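All residue numbers for the sequence shown refer to numbering that gives the first Met the number 0, where the first residue is 0 and numbers rise by one. Below is one structure, written out as structure tokens; the observations come after it.
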Amino acid sequence: MKSNITSLWRRLSAVAVVAVAGTAGSVHAMTPASSVTLVPMSVLDGTSYHLDTLRSRIHMPTPCSSDKIGNKVMPEERDSFWMSYVGGYNRFAGDAAHPADYARSFQGLLLGLDRQLCCNSLVGIAFGYEESISRTAGARMDNDTYFIDMYAAMRTGCWNHRMSVGVGIHDISTGRGFDWLGSTSGGADAHSINLGYELSRDYRINERTVATPFMMINYGFSHYDSLHESIGPHEIASSFDDQNLLQIGIGGRMACDFNIVSGWEDATLTTSLAGVVEFSEHRASGKQTFMGESSRVSSMKREPFYGQLGFDLSMPMPNDWVVQAGVFGRLGPDRAGVAGNVGLQCDF
């Protein structure tokens, strides 16, 4: 009985608010309207973090050895299977357009299989699943994402190249709270295309240390279906502009070999530092329609620069297994975040 009365009260309240306010814009003003832009914000961030994690798992081809007469000999183990558990948290600060902070947590699994084609190149395919939860004032969004990527690594002269191209399929569900009107629930689908590239060159400092300056590029494009949210007998429809995100970074890595277990191959600890410039629409934007009236919405502004610090550990084990672990953090005027991964690689 009580639940029926509550439901009736919310429906009457919705009608009363619209009748008094006269426009949907007044209804939108009762809660942060830009909270709906959690959808494009989450998809863009998910693509960016996915590209950096995948790149850290792409290994360079094993150099060929030479036989007694100088002919190149391919390594016996040319295929690799790897898997990594990934997870992390990132946060964006609010601004005048959207005072509330935006926060996102995520976790998932990444699997890859690659084959060395010759002394200087390998190709592979990776599959990933990620679940994320994004929050801002009065709103929450859950995003289940399925990634598939083709990747390659090669050497041309003294230069190293890592590259990937992939797609993401996003299954999105949302919930928001409106004063007087109660809460909404809704869902939408999105699709993304992601491209990653890194150019680097190794400089050997000594037998155990290699310095590597690099330049990296991430590009993500995302397209969204309309989001439909139910609120009592009414519906809020939201559409989002297509989003483009280009990130260009310059930095360096220092890889140091050291021995952990006597008789095992040396482990490698790599430290990386980069500055990244971001080119995008800076604000995720869209349009909300409620009871025939529409209003534009936008997210907080994305600042165009951040720094990134990372650590990766690769530890060979007996029987051609390698333990891999990594973590990287991002820090900028408007953001802070950390992501990590741990997994295994088997060469065969």
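C-beta: ideal position from N, C-alpha, C; glycine also. Quantities reported herein were computed from a predicted structural model and do not represent experimental measurements.
Rounded C-beta distance between residue i and residue j? I'm assuming under 8 Å.
i	j	result
serine 133	histidine 169	That pair is no contact at about 12 Å.
leucine 109	valine 85	6 Å
leucine 272	cysteine 255	With 8 Å as the limit, leucine 272 and cysteine 255 do not qualify as a contact, their Cβ atoms being about 15 Å apart.
isoleucine 57	arginine 207	Actually they do not touch by this definition, with Cβ atoms about 23 Å apart.
leucine 194	valine 164	5 Å
serine 237	valine 35	5 Å
leucine 244	glycine 274	Not really, about 17 Å apart at Cβ, beyond 8 Å.
glycine 87	tyrosine 145	With 8 Å as the limit, glycine 87 and tyrosine 145 do not qualify as a contact, their Cβ atoms being about 18 Å apart.
phenylalanine 327	glycine 342	With 8 Å as the limit, phenylalanine 327 and glycine 342 do not qualify as a contact, their Cβ atoms being about 15 Å apart.
isoleucine 171	alanine 152	At roughly 33 Å, the Cβ-Cβ gap does not stay under 8 Å, so isoleucine 171 and alanine 152 are not in contact.
alanine 266	leucine 312	7 Å
threonine 183	serine 225	14 Å between Cβ atoms; not a contact.
glutamine 242	proline 39	5 Å
methionine 215	tyrosine 196	7 Å
Consult DSSP for residue i and reduce its assignment to one of helix, strand or coil.
i	result
serine 47	helix
methionine 40	helix
asparagine 258	coil
aspartate 100	coil
threonine 183	strand
arginine 134	strand
asparagine 350	Residue 350 lies beyond the residue range present for the chain, which begins at 0 and ends at 347; the question has no answer from this structure.
serine 294	strand
aspartate 346	strand
arginine 10	No answer about arginine 10 holds up, because its pLDDT of 44 lies below 50 and its placement is not dependable.
aspartate 333	coil
serine 25	Caution is warranted here: a pLDDT of 41 is assigned to serine 25, below 50, making its placement in the model unreliable, and the coordinate value is therefore given only provisionally. Helix, per DSSP.
lysine 300	coil
List the DSSP bridge partners of residue i.
i	result
leucine 312	Leu268 and Ala324
methionine 149	Ile124 and Val164
cysteine 117	Ser120
valine 275	Gly248 and Tyr305
aspartate 143	Glu130 and Asp170
histidine 190	Ile168 and His222
asparagine 340	Val85 and Gly325
asparagine 243	Phe220
lysine 71	Ser65
glutamate 197	Arg161 and Met215
threonine 52	Answer by DSSP bridge pairing: none, since threonine 52 is not bridged.
glycine 111	Trp81 and Ala125
glycine 176	Ser182
methionine 253	Ala210 and Thr270
Beta strand (DSSP E) containing residue i: first to last residue?
i	result
alanine 236	233-239
methionine 215	208-223
tryptophan 263	It is not in any beta strand (DSSP E) - tryptophan 263 carries neither H nor E in the DSSP assignment.
serine 284	284-289
proline 59	Note that residue 59 is methionine in the sequence shown, not proline. Taken as a continuous stretch (DSSP letters only), methionine 59 belongs to no beta strand (DSSP E), as it is neither H nor E.
asparagine 205	202-205
glycine 87	78-91
isoleucine 230	226-230
Is there at least one non-hydrogen atom of the ligand NAD closer than 7 Å to the beta-carbon of residue i?
i	result
asparagine 340	With respect to the ligand NAD, the structure shown offers nothing to examine, as it has no ligands at all.
Using a C-beta cutoff of 8 Å, does residue i count as contacting chain B?
i	result
valine 337	The structure shown contains no chain B, having only a single protein chain.
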